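Asks:
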Amino acid sequence: MKTMNFQAAIFTMIVLVSCHKEAASFNQDFTVEKYIEQLKANQYNTTGLPEFTYRDIPMLLQYRNDTTRISKIPVNPISSFYQPECSLGMIVLWTIESIRAVANNSEQLIGRFPSQNPILTYRVSDEFRVIQTVESQKIAAKAYFDWWESNKLKNFDAFKNIDPLRSTEFKWH
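Here the numbering used here = 1-based position in the sequence shown + 7.
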């Protein structure tokens, strides 16, 4: 029994140290530019999403229409859906959604993940369908851009609760 308790204690310490190491990898020097550079080079080695704020949204939005396929993407550990790749634009929009969800202290958050995956599904549907088309990305990109542009002069707290996808047929999975 003592051996089992000791093993559990060691395992817990390893997990805590690993979590601390990951959290430390997002420091003040981690910028949107570095994030995009790492994603494009398929060298994004951190399992979580960056700790960006609403101040980073304008820079992130510059990449919203980018259809470059990224194979090393942030993965939500609770998702059982295998996603071998994703467009850079969708990852960026998901990152913006993370900023919004963190600011709202959303109950949906797992770490900084705003949903299970950086993919869209239909808002109203009897069955789960993954939507990963260029057209759906264009619609989502326009929705996020319009949401930001129509509110950017306001205090972020005044519009962080507004779902950018509310007027589309999509939601995050």
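Ideal Cβ positions, reconstructed from N, Cα and C, are used throughout, including at glycine. All values derive from a computational prediction rather than experimental measurement.
Just the C-alpha distance for Lys28 and Glu134, rounded to the nearest angstrom, thanks.
Replies: For Lys28, the pLDDT reaches just 39, beneath the cut-off of 50, and the residue's location in the model is therefore unreliable, leaving the point undetermined.
Asks: With DSSP as the reference, please indicate the residues paired to Tyr129 in a beta bridge.
Replies: Phe177
Asks: Buried or exposed: which applies to Ala31, given that a residue is buried once 16 or more other Cβ atoms fall within 10 Å of its Cβ?
Replies: With a pLDDT of 36 at Ala31, under the threshold of 50, the predicted position of this residue should be treated as unreliable, though the coordinate-derived value follows. Answer is exposed; the Cβ neighbour count stays below 16.
Asks: Please tell me whether Ser106 and Cys93 are closer than 8 Å, where the distance is taken between their beta carbons.
Replies: Reading off the sequence shown, one finds Ile at residue 106, where the question assumed Ser. No, Cβ-Cβ distance for Ile106 and Cys93 is not below 8 Å.
Asks: If distances are taken between C-alpha atoms only, which option among Phe120, Gln139, Tyr61 comes closest to Leu127?
Replies: Gln139
Asks: Report the start-end ranges of each alpha helix (DSSP H) in the region 82-133 that is 4 residues or longer and not cut off at the edges.
Replies: 95-110
Asks: Does the beta-carbon of Asn124 have 16 or more other beta-carbons within 10 angstroms, so that it is buried, or is it exposed?
Replies: buried
Asks: In terms of alpha-carbon separation, which member of Met66, Glu176, Glu58 lies closest to Asp36?
Replies: Glu58
Asks: Quick one, which of Ala110, Gly96, Gln115 has its alpha-carbon nearest Ser86's?
Replies: Gln115
Asks: According to DSSP, is Ile169 helix, strand or coil?
Replies: coil
Asks: Expressed to the nearest angstrom, what Euclidean distance is found between the alpha-carbon atoms of Lys159 and Pro91?
Replies: 34 Å
Asks: Could you spell out the range, first to last residue, of the alpha helix (DSSP H) harbouring Pro65?
Replies: 64-68
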